[in-house]
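Asker: Per my numbering, the sequence shown starts with residue 754, numbered consecutively. Each residue gets a CB set at the ideal place from its N, CA and C atoms; glycine is no exception. Handing you this structure, nothing more for now.
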Amino acid sequence: MSEDIKEPKPAKSWLKSSPFAHGLMLGLFSLVTAGLLAMADQTTQAPIAQRSAEDLAASLAQVLPAEIYDNDPATDLRSVEDADEGMVSVHIAAKGNSVTGMAYELVGFGYSGAIRVLIGIAPDGTLLGVRVLSHTETPGLGDKIEVAKGDWIEGFTGRSLTDPTPDGWKVKRDGGVFDQFSGATITPRAVVGTIARGLTFYERNRLALTAPIPRNGDE
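Written out as structure tokens, the structure is:
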């Protein structure tokens, strides 16, 4: 009788059996992955930065009329430390050395969360324009604060702390002069309050914000 001859099993490869090899392969995989992520990050940084700059310029153009400045408000900045608002970054509009306007962002809180408001102000303290940059308010109700959904936000242009008086800087339901929305009071109340804060911030820091801008060659 002949016994069945079994073929010998191939020995396990070193790469499959060695813990060191497993760690090496994992390290190589991680290194390659990290390199690809770094390349992707480098590739997208420039387009993201450009888009952010374009968005900022478009927003500033809505609250700072182009005819009042010959500088670049997006890059001419002043940082103001305020007792109530903290550190505020202010975009300065100017002609020559003279400040002709400024814009800055403050945040209020509405029904659903934070509302970012961009406020443009002339040196005499009147509003040049106001825009809501972002919010999470209820569609069809609170989103009427957007210029794309209505003209309510445009009604602040030309207003100041004396028009109306400080007591009037409320929605009508609270005894002020500004309309609220049907079915939504909290959202416009937050925006009105934020704009009023912006005006009082300017009054507290008027001297610092309207100081002449030093140019090349100035002492």
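Beta-carbon separation of residue 856 and residue 816 under 7 Å?
Answerer: yes
Asker: Please identify the residue among 831, 865, 877 and 786 whose C-alpha is closest to the C-alpha of residue 889.
Answerer: 865
Asker: Helix, strand or coil for residue 902? Go by DSSP, reduced to three states.
Answerer: coil
Asker: Beta-carbon within less than 8 Å of residue 868's beta-carbon, same chain only, minus the 5 sequence neighbours each way: which residues are those?
Answerer: The answer, listed in chain order, is 860, 861, 862, 885, 887, 888, 890, 898, 940, 943, 944 and 947.
Asker: Ignore the nearest five residues each way along the sequence and tell me which others in residue 910's own chain have a CB closer than 8 Å to its CB.
Answerer: 880, 881, 882 and 883
Asker: Considering only the alpha carbon of each residue, which of 895, 779 and 968 lies closest to residue 937?
Answerer: 895
Asker: I'd like the list of long-range same chain contacts for residue 905, defined as Cβ closer than 6 Å, with 5 residues on each side in sequence excluded.
Answerer: 897
Asker: Please classify residue 850 as buried or exposed, where buried requires at least 16 other C-beta atoms within 10 Å of its C-beta.
Answerer: exposed
Asker: Relative to the C-alpha of residue 964, which candidate in 922, 853, 950 and 952 has its C-alpha closest?
Answerer: 853
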